[in-house]
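Chemist: If you count the sequence shown from 1, position 50 lands on 50 in our numbering, and the numbers rise without skipping. Please see the structure below; I have some questions.
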Amino acid sequence: MATAVCNFSALQKQRSPLPSVILCRKKDKESKSPYKVIEITPPPKNLGTRCFPPNLQCGESVTIEGQPYTISAVTHRYQLRRGKYEPSERRLDVLSTGRYILNMYLESLLHQT
C-alpha cells in the first residue's frame, strides 16, 4: 500500500462570486490534487481539504494529521459549464485503518454463514 502524507495548501481568493480555489504545492516533481476528505464513520466528520497525488485508489493508506486512514471511496464530480463538463470537486471517503480492517473481518464472517 502506498502512503501519502498531507501537505498544506494555499488559498487564492478570487474577486468573482465563484468559491476560493485551492492550489497544491508541487514537491518532488509530483503533481498534487486537492481532495475534500470526509471520514465516513457515523457521524461523518469533515477532515478538510488536503492535497494528494491524483492516482489514489480504494484500499490505499493515507496519513492525515498523524492518523492513519484507509480510502473507502474516491469520487470525482463534474459540472456542465458553457457546454463542457468541467471537474468541480474531488472527494475521498476514508475510514480509520482499524475500523476498515474490522469491517473487512465482519464482512468475511457474514459471507461464511
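All C-beta atoms in this analysis are idealised placements derived from N, C-alpha and C, irrespective of residue type, glycine included. As the structure is a prediction and not an experimental result, all values here were calculated from the model.
1. Can you list, in chain order, the residues of its chain whose CB lies under 8 Å from that of Ser88, leaving out five sequence neighbours each side?
2. Where does Gln112 fall in DSSP's three states?
3. According to the neighbour-count rule (16 or more other Cβ atoms, all chains shown, within 10 Å of its Cβ), is Leu92 buried or exposed?
4. Pull up the DSSP beta-bridge partners for Tyr35, would you.
5. Look at Thr49 and Ser96 and say whether their C-beta atoms are less than 8 Å apart.
6. With burial defined as no fewer than 16 other Cβ atoms inside 10 Å of the residue's Cβ, what is the status of Lys29: buried or exposed?
Modeler: A quick look at the data gives this:
1. Arg77, Tyr78 and Gln79
2. helix
3. buried
4. Arg50
5. no
6. Low local confidence applies: a pLDDT of 43 at Lys29 is under 50, so the model's placement there is unreliable, with the coordinate-based value given in what follows. Lys29 is exposed by the Cβ-count criterion.
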